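Read in order, the letters of the sequence shown correspond to residues 1 to 944 in the UniProt record's numbering. Glycine included, each C-beta is placed from N, C-alpha and C at the ideal position. It should be emphasised that the depicted structure is a prediction, and the values quoted were computed from it without experimental measurement. Below is one structure, written out as structure tokens, with a few remarks after it.
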Amino acid sequence: MRIPTATYRIQFNSQFGFNSAQKIINYLNELGISDLYASPIFKARTGSSHGYDIVDPNQLNPELGKPEDFTALVEELKQQNMGWLQDIVPNHMAYDSQNKYLMDVLENGVNSIYANYFDIAWNSPISNGFGDSQQPILAPLLGNFYGESLENGEIQLKYDQNGLSVNYYDFRFPLKLESYAIFLNQNIGKLSQILGRKNPIFVRLLGILYLVRHIPADATPKERQDQIDFVKGLLWELYTDNTEVQTFIDENLQLFNGEPGKPETFNLLDTLLSEQFFRLAFWKVGAEEINYRRFFTINELISVNVEDFQVFEKTHALITRLVKENQITGLRIDHIDGLYDPTQYLQRLKEKIGDTYTTVEKILELGEELPNHWSVQGTTGYDFLNYLNGIFCQTASQEDFTQIYWNLTGFRTALKQLAIEKKHLILERNLAGDIDNLTYFLKKIASKHRYGNDFTINGLKRAIAEVLTLFPIYRTYTNQDGILPADRQYIQAVIQQAKSNIPLLHHELNFIEKLLLLEYENYLTPDDQEQWLYFVMRLQQYTGPLMAKGVEDTALYVYNRFISLNEVGGNPDNFGVSIADFHDFNQQRKTHWLHSMNATSTHDTKRGEDIRARLNVLSEIPEEWKTQVYAFCEMNLDHKTSVNKSLPMPDRNDEYQFYQMLIGAFPFFEHEYNDFCQRIQDYVLKAAREAKVYTAWLRPNETYENALTKFVAAVLKPSDENIFLQKFLPFQKRIAYYGIFNSLSQTLLKITSPGVPDFYQGTELWDFSMVDPDNRRPVDFELRETHLKAIKEQAQTDILKLIDELLATKEDSRIKLFLITQALKARTENLTLFQQGSYLPLEARGKFADHIIAFARVYNNQTIITIAPRFFTSLIQPGEYPLNKQIWEDTYIDLPPAAPSVWQNTITGEIVSADKIMLIGDVLKHFPVALLKGNKIIVRAACA
């Protein structure tokens with residue numbers, strides 16, 4: 001198995017395709033990257049900026065280049081001895097006209113060749129209580145109510161060589177063949193008069209009508225499709241060869257498409273649409289009526305029935321081939337928790353790809369562990385990100401920040417309670433239809449049992465909702481093999497809490513607990529047991545979306561006590577992480593998930609890694625932050641908007657979040673200012689909609705949104721009279737100064753901790769990106785290549801002079817690039833040590849012991865020590881550097897037993913002598929972090 005040394009995430013799109021990537025491979029190799037880590041590269045919706053809206057998993061995305069461009073990129077990687085880690089999306093595809101599999105389903109219903117491809121109502125292996133198993137699949141894609149869209153002429157019937165279709169802007173939905181009879185019968189008498197009933201052309205048209213009406217009921221999907229293709233071909237040939245038929249069809253199209261302002265003229269099209277296998281609907285309908293499973297709450301992403309073995313085989317054909325041909329050397333599995341049976345999926349995948357490096361996008365909550373029976377190398381790194389970020393947050397300031405937050409904003413709801421409230425909100429407004437579906441199925445199960453016969457739909461729905469909202473983790477993993485011990489504990493704790501919250505539904509909750517624990521009654525038939533298990537496995541698929549939408553995408557935009565901690569997989573209730581906890585986490589990863597990924601920024605993070613590094617500085621100075629932020633609020637009060645004597649907008653909670661983001665994201669250089677102002681306006685607008693307090697995606701409040709963006713624009717308006725900027729800029733500059741050193745420390749820790757360090761595109765320089773789509777902006781690789789070339793050249797001649805220059809110009813971020821280059825070089829040269837070596841926490845002592853994070857990696861006779869400082873505000877003044885004995889005084893670390901006495905700093909090239917202890921001031925002479933390599937053989941030679 002190829003284990004990456006370091007990965008670099010690329011966000012492919014039409015502006016950055018295979019050829020663009022090929023141009024930077026040499027640069028990545030020079031940087032120290034071993035594996036290109038690619039966003040989805042398979043055919044996606046036209047214009048996709050991220051690639052997750054796939055329309056065909058068995059084609060490369062033509063917008064990224066030709067197949068030969070892909071091949072050339074792969075060959076370039078191989079020449080550089082680099083690998084390719086590919087992000088794949090097994091859970092969902094785009095609900096889009098370009099999705100030929102879905103369009104076939106919409107055209108043919110349950111008779112489609114691909115009827116089992118998608119997770120829709122009629123797919124259920126067990127009768128699911130919907131009644132009509134062939135009810136039309138919802139198409140909630142209209143921008144307005146169906147009736148208004150229809151009568152405005154936005155929904156149009158069209159005809160081409162592919163047949164009849166109903167079109168809504170860029171969406172094209174094929175009509176089922178049986179509907180052609182309605183269309184062709186309209187005004188057919190007029191055509192017969194023109195041509196004559198015995199005219200061969202008219203006879204051919206009648207023959208087509210006969211074939212349309214007489215598709216054999218027992219035809220297989222393949223036979224049905226063959227007849228459909230045959231009939232469509234005959235009709236198109238007739239249309240293109242005969243003027244009268246062409247005029248007849250065109251006039252019918254005009255007739256069916258109606259005339260805006262005359263509602264009755266749309267009756268024909270309305271009738272035609274009513275008999276399709278799909279139902280066009282206003283997009284908001286998807287929140288309350290849904291009969292297909294979506295990715296989270298996104299109507300335009302329909303889930304794939306990948307648990308069906310044939311679907312798995314078909315949707316993984318291309319990626320399997322690419323792995324077997326060694327073009328792809330590793331896989332990243334997107335949204336593993338969305339799958340019906342993740343364990344089964346990973347087993348099947350391993351059978352296809354063998355010993356291939358595989359990680360899963362899995363959010364682990366505090367104390368939760370990745371299932372140890374999964375055949376993967378680990379996660380994509382959010383667990384590491386939050387532990388790493390946490391050690392730079394001053395835990396002693398928790399109470400101070402709580403009081404500041406309470407007093408300034410008046411917001412006092414505890415995060416745990418807020419998370420439950422927001423999950424309920426999501427259930428009511430975004431997932432109501434999904435919960436209805438679960439409830440109907442549960443009612444069907446309950447009605448078969450005497451102790452559940454009296455349960456009502458309303459009672460069961462409330463009980464399910466309470467259970468779902470109380471789950472503290474993304475999901476459990478019960479399947480036909482039973483329940484994991486850890487999952488059993490979660491289930492029992494959740495049910496107990498639910499009984500306390502809604503005691504009147506005690507019986508319903510007891511029943512749900514029996515189901516979730518698979519406590520089958522003796523009299524249950526195998527079919528009954530299958531239904532129990534099916535319900536449990538279905539329910540498990542909804543705790544994840546609810547956690548993501550309720551907590552990450554709602555609560556974490558409301559609970560703004562300290563937004564550095566409001567990250568994917570984070571828990572802002574825990575105000576920082578102790579060094580001991582960080583070491584424990586790393587030791588656990590070394591033991592169980594050695595090759596899991598170490599991330600600091602991803603395409604899904606709420607803010608860039610260097611924003612968090614800056615914000616963490618605030619945790620060190622709560623009193624000063626309190627003074628500053630109170631002054632900010634006072635200065636900017638006049639920029640707020642009041643309507644009808646209401647409270648000034650934006651509210652203090654949104655304002656407080658804005659000031660934090662402003663501290664973290666404000667650019668170093670003036671030429672970036674104008675672009676930044678627009679970017680942060682976009683951010684605060686998205687944050688407010690995600691919070692769903694005053695405005696939301698489903699119900700935009702223009703008054704509040706306008707007040708919010710107007711406030712931000714006024715606060716940031718360049719002017720000699722802007723007293724806010726006069727006060728803010730010196731304070732922000734000071735925070736940014738300390739943030740630089742935090743950034744360097746977290747970068748080194750990422751590279752040297754157990755795991756595979758991952759770099760999101762562009763983050764080798766300062767990363768002040770905000771949440772997507774801001775973090776998908778183009779990357780200036782030419783600038784990075786120029787910087788890297790100059791750094792490497794100067795490092796060969798006078799590295800200490802180079803370091804002095806980098807420190808003097810640290811704002812331009814070359815210092816971060818230099819550190820990454822040096823640390824990855826050391827990692828590459830000592831790869832066995834980093835991939836297999838033990839992990840030893842090192843104790844710091846002396847005056848500034850709490851400012852040092854240190855550990856050793858040991859393998860055979862080799863030892864490498866990482867030293868990364870933190871909490872710089874109480875260590876140095878702005879303009880000073882955390883270097884030399886004058887700063888560190890008596891601070892030192894204890895060396896590992898039998899450690900060498902001579903070390904080389906792989907960052908600076910310096911030699912350091914130490915006996916049993918190592919003085920920090922001796923190590924950090926020229927650079928703010930250190931990576932020290934000792935070797936007993938070298939030491940003996942030096943002493944000889």
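Bounds of the beta strand (DSSP E) holding K43 are F42 to A44. Taking N91 as reference, the option from L301, D604 and L468 with the minimal CA-CA separation is L301.
With respect to A498, L470 sits close: the two C-beta atoms are nearer than 8 Å. Put simply, of D454, G544 and K78 the residue whose alpha carbon is nearest the alpha carbon of L427 is G544.
Between N430 and K549, the CB-CB gap stays under 8 Å.
Per DSSP, the continuous beta strand (DSSP E) segment holding Q862 begins and ends at Q862 to P869. Taking F535 as the centre and dropping the five residues before and after it, the same chain places the C-beta of L438, F441, L442, I445 and L515 closer than 8 Å to its C-beta, in chain order. In this model, Q480 and P174 are separated by some 39 Å (Cα to Cα). Distance between R870 and R612, taken at the CA atoms: about 13 Å.
Counting only residues of its own chain and dropping the five nearest sequence neighbours on each side, K727 has a CB closer than 8 Å to the CB of Q628, A631, F632 and M635. For T478, the CB contacts under 8 Å within the same chain, skipping 5 residues up- and downstream, are L484, D487, L516, L518, L533, V536, M537 and Q540 in chain order. A distance below 7 Å between beta-carbons, with the five flanking residues on each side excluded, links L366 to the following residues of its chain, in chain order: N571 and N574. Boundaries of the alpha helix (DSSP H) harbouring Q225: P221 to D241, taken from the DSSP string. Counting only unbroken stretches of 4 or more residues, the alpha helix (DSSP H) elements lying wholly within the segment 305 to 338 are 309 to 315 and 317 to 324, in sequence order. In the displayed model, K801 falls within a helix according to three-state DSSP.
Here G482 is exposed: its Cβ has fewer than 16 other Cβ atoms, across all protein chains shown, within 10 Å. Distances from the CA of T891 to each of T906, I853, E910 and L565 were compared; the closest alpha carbon is that of I853. Proximity to L273 across V306, L157, N81 and Q59 peaks at L157, based on C-alpha coordinates. Boundaries for E811: no beta strand (DSSP E) harbours it, and the DSSP string shows neither H nor E there. Burial check for G147: the Cβ neighbour count within 10 Å stays below 16, so the residue is exposed. The segment 20 to 40 makes contact with the segment 81 to 99; the number of CB pairs closer than 8 Å reaches 3 or more.
Taking 4 residues as the minimum length, the alpha helix (DSSP H) runs contained wholly in the segment 65 to 104 are 67 to 79, in order along the chain. Minimum Cα-Cα distance from E313 among the listed residues D337, N299, K352 and Q327 corresponds to K352. Following the DSSP letters along the chain, one finds W888 inside the alpha helix (DSSP H) bounded by residues K885 to W888. Spatial neighbours of N167 in its own chain (CB-CB distance under 7 Å, excluding positions within 5 residues in sequence) are listed in chain order as Q156 and K158.
Comparing C-alpha distances from Q862 to each of Q225, I391, H851 and A898 shows the shortest one belongs to A898.
Within its own chain, the residues whose Cβ lies closer than 6 Å to the Cβ of N257, once the five positions on either side in sequence are excluded, are Q156 and L157, listed in chain order. By the criterion of a C-beta distance shorter than 7 Å, G65 is surrounded in its chain by G17, F18 and N19, once the five residues flanking it on both sides are discounted. In the three-state reduction of the DSSP assignment, P260 falls in the coil class.
Under DSSP, L370 takes part in no beta bridge, so it has no partner. Residue pairing from DSSP leaves T297 without any beta-bridge partner. Judged by DSSP in its simplified three-state form, Y737 adopts helix. A Cβ-Cβ separation of about 47 Å leaves K825 out of contact with F711 under the 8 Å criterion. DSSP, reduced to helix, strand and coil, places W625 within a helical segment of the structure shown. One alpha carbon belongs to Q344, the other to F295, and they sit about 20 Å apart. The three-state secondary structure of Y523, taken from DSSP, is coil.
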